[in-house]
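K.L.:
For the sequence shown, position 150 (counting from the first letter as 1) is numbered 141 according to my numbering, and the numbering increases by one without interruption.
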Amino acid sequence: MTYDFTSKNKMWLTIGMMVGVICLGWTYFLADDELHTRFWSNFLHNAAFFTGIALMAGFFMAASITAWAGWYVNFKRVWESFSLFLLVGLGLMGVVALGVFFDWHHLYHWMDQSALDPNSEHYDPLLAGKSGFLNKYWYLGGTVVLVGIWYLI
C-alpha cells in the first residue's frame, strides 16, 4: 500500500505553510519590544524541539541496527524521514547562535552587558563570576562544536 499525495493534499499543505509563514512574520513585525523576544523564543523552542526529534530518530535507528532488531524495518522509513530534518534543524540552531553573536536578540540573561558592569544598577555578581563561560564567543563556539558533533554522529 502506498500513499497517494494528491493535488488537493498538496494545496492544503501549501496553505498551511503560508499561514505559518504569515503568523511568523506577524509575530516578528507586530512585537511590542524592539528585540522581538517572543519571536526569537518561539524560534529557539521550535528549533531545539524538532532538532531533538531528528537526533532521537537517528539514535533510534543506530541503536536498532546495532541490536540487530528485525522488527524496526517496518518503521524504518518513518525514522529516516524524521532524521532528514537534522540538517535543517542544525541550520536553525545556527541562526539562533548567530543571533546571540550579533545581538539580534537577548534571550538569555547573560547577554545584557549591564549585568556585568559593577557600576550598573543591574549588576549581578553571580553572573559576573561566570562571564568567562557565559558570553557570546563561548556560546557560538560551543554551538558550532555541538552541532558539528551531532551532524557527524
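C-beta atoms are modelled at their ideal positions from N, C-alpha and C, and glycine is treated no differently. These numbers were taken from a predicted model, which means no experiment stands behind them.
(1) If we call anything under 7 Å between Cβ atoms a contact, is F51 one with W70?
(2) What's the gap between the Cα of D108 and the Cα of A119?
(3) Locate the alpha helix (DSSP H) running through Y130, then write down its first and last residues.
(4) In this structure, does DSSP put P116 in helix, strand or coil?
(5) Just the Cα atoms here: how many angstroms apart are L117 and A45?
(6) Would you check if there are 3 or more beta carbon pairs closer than 8 Å linking the region 91 to 110 to the region 9 to 29?
(7) At the level of alpha carbons, what is the spacing between A58 and Y142?
(8) Excluding the 5 residues preceding and the 5 following K127 in the sequence, name in chain order all residues of the same chain whose CB lies nearer than 6 Å to its CB.
(9) In this structure, how does DSSP classify N110 when only helix, strand and coil are distinguished?
(10) Are at least three pairs of beta-carbons, each pair with one atom in the region 36 to 44 and one in the region 69 to 83, less than 8 Å apart?
(11) Assuming H113 and S122 form a contact by the criterion Cβ under 8 Å, report the distance between their Cβ atoms to the nearest whole angstrom.
(12) As a quick exercise: from A53, T18, A88, M47, pick the residue whose alpha carbon is nearest that of F73.
(13) In terms of alpha-carbon separation, which member of V87, F34, N110, V64 lies closest to V135?
(14) Quick one: grab the DSSP three-state call for S105.
(15) Below 8 Å CB to CB, which residues in the same chain sit around F163 once its five sequence neighbours on both sides are set aside?
P.N.:
Working from what's here:
(1) What you label residue 51 is simply residue 60 of the sequence shown in a count that begins at 1. What you label residue 70 is simply residue 79 of the sequence shown in a count that begins at 1. For F51 and W70, yes; Cβs fall inside 7 Å.
(2) Working through the sequence shown from its first residue, we reach residue 108 at position 117. Working through the sequence shown from its first residue, we reach residue 119 at position 128. Each residue's Cα considered, the two are about 8 Å apart.
(3) Stepping through the sequence shown from its first residue, residue 130 is reached at position 139. Unbroken alpha helix (DSSP H) run through Y130: 127 to 143.
(4) By 1-based counting over the sequence shown, the position of residue 116 is 125. Of the three classes helix, strand and coil, the one that applies to P116 here is helix, per DSSP.
(5) Looking up residue 117 in the sequence shown gives position 126. Looking up residue 45 in the sequence shown gives position 54. Looking at the two C-alpha atoms, the distance is approximately 35 Å.
(6) yes
(7) Here residue 58 refers to the residue found at position 67 of the sequence shown. Here residue 142 refers to the residue found at position 151 of the sequence shown. C-alpha separation (whole angstroms): 22 Å.
(8) On the sequence shown, position 136 is the one that residue 127 refers to. So the qualifying residues of the chain are V91, F92.
(9) Residue numbering aside, residue 110 sits at position 119 when the sequence shown is read from its first letter. DSSP places N110 in coil when its eight states are reduced to three.
(10) yes
(11) Against the sequence shown, residue 113 aligns to sequence position 122. Against the sequence shown, residue 122 aligns to sequence position 131. Not quite, the Cβ-Cβ distance comes to about 14 Å (not below 8 Å), so this is no contact.
(12) The residue you call residue 73 lines up with position 82 of the sequence shown. Residue M47 is the option with its Cα nearest to F73.
(13) The sequence position of residue 135 within the sequence shown is 144, counting from 1. Ranking V87, F34, N110, V64 by Cα distance to V135 puts V87 first.
(14) Locating residue 105 in the sequence shown gives position 114, where the first residue counts as 1. It is helical.
(15) Coverage of the chain is limited to positions -8 through 144, which leaves residue 163 absent and any answer about it impossible.
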